[in-house]
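Report on the structure given below.
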Amino acid sequence: MSHTNRSGKSKREKSVESDAESVVESVAESAAGSISSVVSHESNVSDTATATATPLSAIKGIDMPLAELLDVCRYITEAADKHKNGNYKVTTAYPGVKDLTKVSKEVLDRSFKNAFKVACRSDSVKLKSMAQVTHSFLDGPEYVNIFPDFPKSPVGVFKIFMELAGYREYFKSVPADLREQFNDNSNSVKKDAIKKHEEQVVEYNEALDRFVTDHPELNDSQKRHVISRKIVIKGQPKKGIKRSKLSAFDYFKTTKKGKYADLNDFEREKKLQSTFDRLKEKEKQIFLDLEANQ
Numbered sequence: 057m058s059h060t061n062r063s064g065k066s067k068r069e070k071s072v073e074s075d076a077e078s079v080v081e082s083v084a085e086s087a088a089g090s091i092s093s094v095v096s097h098e099s100n101v102s103d104t105a106t107a108t109a110t111p112l113s114a115i116k117g118i119d120m121p122l123a124e125l126l127d128v129c130r131y132i133t134e135a136a137d138k139h140k141n142g143n144y145k146v147t148t149a150y151p152g153v154k155d156l157t158k159v160s161k162e163v164l165d166r167s168f169k170n171a172f173k174v175a176c177r178s179d180s181v182k183l184k185s186m187a188q189v190t191h192s193f194l195d196g197p198e199y200v201n202i203f204p205d206f207p208k209s210p211v212g213v214f215k216i217f218m219e220l221a222g223y224r225e226y227f228k229s230v231p232a233d234l235r236e237q238f239n240d241n242s243n244s245v246k247k248d249a250i251k252k253h254e255e256q257v258v259e260y261n262e263a264l265d266r267f268v269t270d271h272p273e274l275n276d277s278q279k280r281h282v283i284s285r286k287i288v289i290k291g292q293p294k295k296g297i298k299r300s301k302l303s304a305f306d307y308f309k310t311t312k313k314g315k316y317a318d319l320n321d322f323e324r325e326k327k328l329q330s331t332f333d334r335l336k337e338k339e340k341q342i343f344l345d346l347e348a349n350q
């Protein structure tokens with residue numbers, strides 16, 4: 057039997073993720089802009105021209121000129137692709153940055169990450185920016201992944217098959233005869249592996265349901281994220297969760313999709329709520345009727 061892992065995301069989840077990315081980028085821009093002042097604080101450099109032309113040797117781990125480092129920051133913040141997380145190497149995510157400096161890729165990656173750590177110290181970042189990033193993360197779907205009791209995915213069929221076959225040298229090349237046995241659907245060991253895997257899948261899916269029940273504080277996007285991780289065994293239906301009804305304010309927001317697009321999700325929500333609260337009774341009643349007639 058085969059299975060698929062469905063992980064479709066709702067519009068709100070994509071919106072939250074997009075907002076979180078834009079907020080992080082704004083902090084990165086702020087951090088990049090503060091690098092020169094941090095350098096001045098760390099090394100008491102008084103001559104700006106000299107500081108931008110020499111490596112930031114005053115800060116451990118930063119071994120490239122400030123001017124080039126700032127060019128790299130500007131390149132990334134202005135790049136069209138905005139979906140690379142900080143665990144990527146800069147030169148892998150944005151190959152074009154290599155043309156902005158003469159240092160090696162390794163030095164560029166290390167210098168950028170170390171400069172970011174220094175620039176994002178609590179005395180270098182505004183509390184508002186810290187609050188925006190924190191809110192976007194805690195209110196977003198990916199937040200649940202760090203919960204200690206978040207269910208772990210079941211082991212794959214092939215790994216179970218290797219264990220049942222007595223092969224545990226996972227870091228070595230799998231013998232050809234073992235692969236041939238696995239590719240044989242009539243092989244009894246493979247059948248046992250499939251059965252054991254399906255049992256683990258059932259337990260995993262039930263654990264995801266329990267997780268949602270045990271955490272009533274989760275919002276709808278977080279609940280959908282949890283349920284979307286369920287594994288569907290071919291021929292079996294996938295159970296979801298009942299979508300919450302829309303409020304009058306939710307209906308109002310659908311008419312203002314392009315409004316305050318320059319704001320982050322938290323600030324935009326506040327602005328729209330304020331606008332909704334100021335609506336005349338007749339105008340507000342339209343949305344109240346939509347809520348009542350769902």
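Numbering (the working numbering), first residue to last: 57 to 350.
Glycine included, C-beta positions come from ideal geometry on N, C-alpha and C.
On a CA-only basis, which of the options is nearest residue i? Give me that one, please.
i    : options                : result
H191 : L344, E347, Q341, N320 : N320
Y307 : S242, V213, L344, L264 : L344
L194 : I283, S330, K336, E273 : E273
G196 : S284, S277, K145, S330 : S277
D127 : L164, N243, D318, Q350 : L164
Give the secondary structure of residue i by DSSP, where H, G and I count as helix, E and B as strand, and everything else as coil.
i    : result
I118 : coil
V189 : helix
Q350 : coil
S96  : Here the model assigns S96 a pLDDT of 44, short of 50, so the residue's position is not dependable and the matter cannot be decided.
D103 : Confidence is the limiting factor: at D103 the pLDDT is only 41, short of 50, which leaves the residue's position unreliable and the question unanswerable from this model.
A263 : helix
What's the gap between the Cα of residue i and the Cα of residue j?
i    : j    : result
R33  : D155 : Because the chain spans 57 through 350 in this model, residue 33 falls outside it and cannot be assessed.
K313 : K340 : 17 Å
R224 : L234 : 12 Å
Q188 : K140 : 19 Å
D179 : F172 : 13 Å
M186 : V174 : 15 Å
L220 : F203 : 31 Å
A149 : K246 : 39 Å
G222 : V258 : 25 Å
Tell me which same chain residues have a C-beta within less than 6 Å of the C-beta of residue i, skipping the five on either side of it?
i    : result
Q256 : P210
K327 : Y316
S244 : none
First and last residue of the alpha helix (DSSP H) that includes residue i?
i    : result
I283 : 276 to 284
N320 : N320 -> no alpha helix (DSSP H), and no H or E assigned at all.
Y199 : Segment: none, Y199 is in no alpha helix (DSSP H) and carries neither H nor E.
Need the endpoints of the beta strand (DSSP E) that residue i sits in, please.
i    : result
I289 : 287 to 289
Considering only residues of the same chain and omitting the five flanking positions on each side of residue i, which have a CB-CB separation below 7 Å?
i    : result
Y260 : P207, S209, P210, I287
A348 : none
R324 : Y316
K309 : L328
Sorted by chain position, which residues of the same chain lie with C-beta nearer than 8 Å to residue i's C-beta, five sequence neighbours on each side aside?
i    : result
D205 : F267, D270
N170 : I115, K116, G117, I118
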